[in-house]
Amino acid sequence: MSATFALPIPAAAGSLEQYIQTVNSVPMLSQEEETELATRLHQHNDLDAARRLVMSHLRVVVSVARGYSGYGLQQADLIQEGNIGLMKAVKRFEPQRGVRLFSFAIHWIKAEIHEFILRNWRLVRVATTKPQRKLFFNLRSMKSGFAALSDKEARQIAEDLGVKPEEVREMETRMSGQDVALMADDNDDEGGYAPIDWLADAENEPTRQIEKKAFDRLQREGLEHALSTLDARSRRIVESRWLADDGGLTLHDLAAEYGVSAERIRQIEAKALQKMKQALVVA
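As structure tokens, this is what we get:
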């Protein structure tokens, strides 16, 4: 049995309201029924028993996911991640310990949703240590209102959660920021602008263009100087082999043109390139 066995459960990706109505219509199990189904699952690998355990607790996932609606993520995605946590909980559930599946599954559901939020929230990693994660998921509820935290409030929260006051401030800043689309909406007015309109193109920046033109000019002048040091045959070979727009001539083409062997053309070419290299160094 895999870590999260595949079960035919409803998907939350379609109509969310219809999904919630469906899972709420599934009756909860009694403690005796949970024990019987869990025993069948673990002793006989009964996937139908696993399905019934999961189905009867999908409403729990919906309830937990609603508590994380303030992070800018789709509710359906939070529910789907919570369902993965529920399936992990069902796999590990041991009713003989005297704990109901509802209580046992809460930890796994929240853990999976937490990981999903941390991976996706604003596409940045906002919490890397355990205290920072605790700060991330508790700061909203610990604030007394929508106003910015006072120094006293920040210090108190930091003390309660075992982090530094500046970490509280940083997290508050990140969580209070608003997501802004990089591209403008197609329905925006013609006079509207988006952040992409102010992003500079480094390649088209005026000083970069001037530098590029100067560099290209120096390259052309340097190449012309190096070519001028060659005799007519050597220059013809180099230009035909390396500077022709149509792909240039082969050694054999040039050998036929000058009535020598291809190896002789290669030797002339190598000597010419070496002479040009020396000319460029001197220049």
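At position 173 of the sequence shown (counting the first as 1) the number is 173 in the UniProt record's numbering, and the numbers step up by one without a gap.
Every residue, glycine too, gets a C-beta built ideally from N, C-alpha and C.
Per DSSP, the continuous alpha helix (DSSP H) segment holding E153 begins and ends at 151–161. Counting of Cβ neighbours within 10 angstroms places R241 among the buried residues, the total reaching 16 or more. Within the same chain, and ignoring the five residues on either side of H57 in sequence, the residues whose Cβ sits closer than 7 Å to its Cβ are L86, L101, F102, A105. Between L227 and M276, the CB-CB gap stays under 8 Å. For L243, the three-state secondary structure derived from DSSP is coil. By the neighbour-count criterion, in which a residue is buried when 16 or more other Cβ atoms sit within 10 angstroms of its Cβ, G82 is buried. Bounds of the alpha helix (DSSP H) holding M87 are 75–92. Boundaries of the alpha helix (DSSP H) around N24: 16–24. For the 8 Å CB-CB criterion, R59 and L37 do not form a contact. Under the Cβ criterion (8 Å, minimum of three pairs), the stretch 107–119 counts as touching the stretch 68–82. Taking all protein chains shown into account, K88 has 16 or more neighbouring C-beta atoms within 10 Å of its C-beta and is therefore buried.
The Cβ-Cβ distance between G222 and L273 does not fall below 8 Å. Going by DSSP, M55 is part of the alpha helix (DSSP H) stretching over 47–55.
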